[in-house]
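Participant:
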Ligand SMILES: N[C@@H](CCC(=O)N[C@@H](CS)C(=O)NCC(=O)O)C(=O)O
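In this note's numbering, the protein residues as written are 1008 to 1262.
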């Protein structure tokens, strides 16, 4: 029953899948994919994830993609603590948090994160005259467009404003859910909803500290403190051999 995860360590979507595996107490083979070296666009990687994104789970030779669905798969297939409620209404609520993480969480975080993390690689590609060729190999259209946009000067003020507005919206929704229920996003039980939303709620507070400092989201702050203190979260969110703070340098043969 070989289980392998291809991931990029401390990126938001990678943390979602890594955290789920750790919460279930599962052993897996970890493959670090260096996004700065475009290892996610090699033919070998595209053979398991044609979108050229991380994470990808491999179970008994079969590839599972999309972090929210990877987590549902892990919870469904493996023993260990249940991470989905048995009540169908709560399960549906849990899944709608997964959608919120994908539609709003990732969309919002990408603008400030990419404008910070992609520049060095883009500059190096420009210098070596490889930018067009490398960007043309990126499978997802919106990723290609964003690379080109960063290369041409970066995201507009409106795009940053929209990203921040999405972060505020998500915080308001989380606050409301926790006021009406709690202590977790779908009530008493820690579920995939908490796992899938955590990387975004945590990262949003770094981009917009006022979200937790201004007192407007006290329940969200308490939830974040509670969830961040879980031993699995501490392990997954801290730099480690599996998840270096900075991606390892280019391998010697390619230097
Ligand atoms: N919806 C996908 C999104 C995956 C995704 O965009 N992952 C990012 C890292 S968080 C990635 O691979 N980015 C490619 C890049 O930065 O070039 C999922 O949740 O698995």
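Just so it is clear, CB atoms sit at the ideal spot from N, CA and C, and this is done for glycine as well.
#1: Nearest-angstrom Cα distance between residue 1166 and residue 1086?
#2: DSSP state of residue 1070, grouped into three classes?
#3: May I ask which residues mark the beginning and end of the alpha helix (DSSP H) holding residue 1166?
#4: Please classify residue 1150: does DSSP put it in a helix, a strand, or coil?
#5: Tell me the rounded alpha-carbon separation between residue 1186 and residue 1150.
#6: Distance, Cα to Cα, residue 1119 vs residue 1106?
#7: From what residue to what residue does the alpha helix (DSSP H) around residue 1021 run?
#8: Just to confirm, does residue 1245 get its C-beta within under 7 Å of one of the non-hydrogen atoms of ligand 1?
#9: Helix or strand or just coil, what does DSSP make of residue 1097?
#10: Given this structure, state the Cα-to-Cα distance separating residue 1257 from residue 1153, to the nearest angstrom.
#11: Got a list of residues with beta-carbon closer than 5 Å to any non-hydrogen atom of ligand 1, in chain order?
#12: Between the beta-carbon of residue 1075 and the beta-carbon of residue 1110, is there less than 8 Å?
#13: Quick one: Cα of residue 1181 to Cα of residue 1227, how far?
Facilitator: Inspection of the coordinates gives the following:
#1: In the chain shown, counting from the first residue as 1, residue 1166 sits at position 159. In the chain shown, counting from the first residue as 1, residue 1086 sits at position 79. Rounded to whole angstroms, residue 1166 to residue 1086 spans 43 Å at the Cα level.
#2: Against the chain shown, residue 1070 aligns to sequence position 63. Residue state, collapsed to three classes: strand.
#3: Along the chain shown, one-based indexing puts residue 1166 at 159. Here the alpha helix (DSSP H) through residue 1166 covers 1164-1187.
#4: Translated into positions along the chain shown, residue 1150 becomes position 143. Of the three classes helix, strand and coil, the one that applies to residue 1150 here is helix, per DSSP.
#5: Residue mapping note: residue 1186 aligns to position 179 of the chain shown, counting from 1. Residue mapping note: residue 1150 aligns to position 143 of the chain shown, counting from 1. Those two C-alpha atoms are separated by around 36 Å.
#6: Within the chain shown, residue 1119 is the residue found at index 112, counting from 1. Within the chain shown, residue 1106 is the residue found at index 99, counting from 1. Going by the C-alpha atoms only, they are around 21 Å apart.
#7: Sequence index remark: in the chain shown, residue 1021 carries index 14 (1-based). Element bounds for residue 1021: 1019-1031.
#8: Numbered from its first residue, the chain shown carries residue 1245 at position 238. No, ligand 1 has no heavy atom inside 7 Å of this Cβ.
#9: Within the chain shown, the letter at position 90 stands for residue 1097. Of the three classes helix, strand and coil, the one that applies to residue 1097 here is helix, per DSSP.
#10: Sequence index remark: in the chain shown, residue 1257 carries index 250 (1-based). Sequence index remark: in the chain shown, residue 1153 carries index 146 (1-based). Annotation note: pLDDT 45 at residue 1257 (below 50); position unreliable, no value reported.
#11: 1018, 1019, 1020, 1042, 1060, 1061, 1073, 1074
#12: Looking up residue 1075 in the chain shown gives position 68. Looking up residue 1110 in the chain shown gives position 103. Result no, Cβ atoms of residue 1075 and residue 1110 do not sit closer than 8 Å.
#13: Numbered from 1 along the chain shown, position 174 holds the residue referred to as residue 1181. Numbered from 1 along the chain shown, position 220 holds the residue referred to as residue 1227. Answer to the nearest angstrom: the Cα atoms are 6 Å apart.
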